[in-house]
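Single-structure report; data block below.
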Amino acid sequence: MGGYPVATGIVAIHGQERMGDVPEIHWRWITAHEIGHQYWGEYVLEKDDSGWLWIGLGIYADREYVRARSLSLEKHQKIMERYINVVRKHVDTTVDITPEQRSDVDFDFNNVVIHGKGFSIISALACVLGRETFDRIYRRCLEQFGGRRLGAYEFQAVCEEETDQDLGWFFDQWLRSSRYPSYQITSQVCTKHNDGYRSRVRVESLGTLKMPVPIVTYFEDGTSQRRVTDRLLHVNILEFASSAPLHEVRLDPDGELALVVPPPGPPPMPTTKDELRKRIRRMSITGAGKEALDLFTAAQQLNLTDPDLWWRLGLALYDGSYYPKALIAWRRIGEFAEGDLDYSFISLVWQGHILDLLGRRQDAV
């Protein structure tokens, strides 16, 4: 009971012989969905192999139709849940991977990553930039890339031009890593203050992807206040002054973010070298210090001898400020370089950097 674009201006909706078996909202949604792909996929062509961009933008189009008609957003929540559910299983959801890496994928990459995460990325971007700004970007891409191919880098460039911001922090995390957002309100307190009230709300990042998240406080007199967290802070303490007591606090009140709450527990340790190699290759070298620390332990236990993988571990451990372990990783590179002058040089230089950071300047020199 789905559909597909047949040609420009023509969509096919199959399964209509069973129209009475599902709610009317399904047929309205799938029709809007396929019309959305007339714009994204037919009019604006996809440049990248994975196709997440035109899929994500197309689903965003039908979500905005559903919103405009005040219809249920259940379909879109379920699309996000495809992505959220596999994150809980510690599945690597990196979007920007090579064809070789794609051939090793053993789950439904199309439904989970291209559709589920692709839509989650576009929805999160619209949330971060604001609807007015994102609509301007959306329309510009339609006007500028009609009849042409649009890829992730061109899309990011348009977003940065329209906002005058460097959005690498957003696209790198969402596309080139398996990080996930998980934010939760961990405490809320309302106290009497002078002639009014003061509320303090604590929002904590429990995941690995850092981004601003909207939060709305509702008060007993019917008023509300909206704030956005600072993505650079692990814990945000937000204060609100009001004339009435606090009634409710909502994180992501519009349901635009694929928040993984609660976050998944620690992943199981690799038990084979092949599994370890895959994990290290897919690991980000920034913001993944704890993961690198676990994989470092596995690398020692499994006697890993690949200098390129010790190099990745060394960078990630350095980024996470695990300097003693990073020093060991850089030494391993030298041990396993087997006459490769490039690796030997890199090993010595980084050992010097780490020793200096550890206060061992003489050893570094």
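Count along the sequence shown starting at 1, add 185, and that's the number in my numbering.
All residues carry an ideal CB built from backbone N, CA and C; glycine is no exception.
Note that this is a predicted model, so its numbers are computed, not measured.
Checklist entry - So what's residue 292 in DSSP terms, helix, strand or just coil? => result It is coil, neither helix nor strand.
Checklist entry - Could you give the uninterrupted runs of the alpha helix (DSSP H) lying entirely in the stretch 233-260, keeping only those of 4 residues or more? => result With a minimum length of 4 residues, the unbroken runs of alpha helix (DSSP H) contained wholly in the stretch 233-260 fall at 237-253.
Item to check | Inter-residue spacing [alpha-carbon to alpha-carbon] between residue 214 and residue 280 | outcome: Residue 214 and residue 280: Cα-Cα distance of roughly 26 Å.
Checklist entry - When DSSP labels each residue in this structure, what does residue 325 get in the three-state scheme? => result In the three-state scheme derived from DSSP, where H, G and I count as helix and E and B as strand, residue 325 is classed as helix.
Checklist entry - Name the DSSP beta bridge partners of residue 402, please? => result The partner list for residue 402 (beta bridge, DSSP) reads 410, 434.
Checklist entry - Along the chain, where does the alpha helix (DSSP H) that runs through residue 424 open and close? => result No alpha helix (DSSP H) holds residue 424; the beta strand (DSSP E) holding it covers 420-427.
Next on the checklist: Suppose contacts are defined by Cβ-Cβ distances below 9 Å. Is residue 318 in contact with residue 347 by that definition?
Outcome noted: In contact: residue 318 and residue 347 (Cβ atoms closer than 9 Å).
Next on the checklist: Please report the straight-line C-alpha distance between residue 337 and residue 356, rounded to a whole angstrom.
Outcome noted: Just so you know, the alpha carbons of residue 337 and residue 356 end up roughly 9 Å apart.
Checklist entry - CB residue 549 to CB residue 537, shorter than 9 Å? => result Yes; because the gap between Cβ atoms is below 9 Å, this pair is in contact.
Checklist entry - Rounded to the nearest angstrom, how far is the Cβ of residue 505 from that of residue 461, given a contact under 8 Å? => result Contact between residue 505 and residue 461 does not hold, since the beta-carbon distance rounds to 18 Å and is not under 8 Å.
Next on the checklist: Measuring straight from C-alpha to C-alpha, what distance separates residue 233 and residue 217?
Outcome noted: Between residue 233 and residue 217, the C-alpha separation is close to 24 Å.
Item to check | C-alpha distance - residue 161 paired with residue 359, whole-angstrom precision | outcome: The shown model of the chain, from 186 to 550, leaves out residue 161, and the question about it has no answer.
Next on the checklist: Pairs of beta-carbons, one from the stretch 298-305 and one from the stretch 232-249, closer than 8 Å: are there three or more?
Outcome noted: Cβ pair count under 8 Å is three or more, so yes.
Checklist entry - What are the boundary residues of the alpha helix (DSSP H) that residue 458 is part of? => result For residue 458, the uninterrupted alpha helix (DSSP H) segment begins and ends at 458-467.
Checklist entry - Going by other Cβ atoms of all chains shown within 10 Å of its Cβ, with 16 needed for buried, is residue 191 buried or exposed? => result With fewer than 16 Cβ atoms within 10 Å of its Cβ, residue 191 is classed as exposed.
Checklist entry - When you compare only the Cα positions, how much space is there between residue 224 and residue 323? => result Taking the straight line from one Cα to the other gives about 11 Å.
Checklist entry - Three or more beta-carbon pairs under 8 Å between the stretch 409-425 and the stretch 389-400, yes or no? => result The stretch 409-425 is in contact with the stretch 389-400.
Next on the checklist: Among the candidates 482, 475, 442, whose CA atom is the shortest distance from the CA of residue 457?
Outcome noted: For the residues 482, 475, 442, the minimum Cα distance to residue 457 belongs to 482.
Checklist entry - Quick one: what does DSSP say residue 275 is sitting in, helix, strand or coil? => result It is coil, neither helix nor strand.
Item to check | Status (buried if at least 16 other CB within 10 Å, exposed otherwise) for residue 420 | outcome: So residue 420 counts as exposed.
Checklist entry - What does a CB cutoff of less than 7 Å around residue 493 pick up in its chain, not counting 5 residues either side in sequence? => result Cβ neighbours of residue 493 beyond the five flanking positions: none.
Next on the checklist: Using a Cβ-Cβ distance cut-off of 9 Å, determine whether residue 473 contacts chain C.
Outcome noted: In the structure shown, chain C does not exist; there is a single protein chain.
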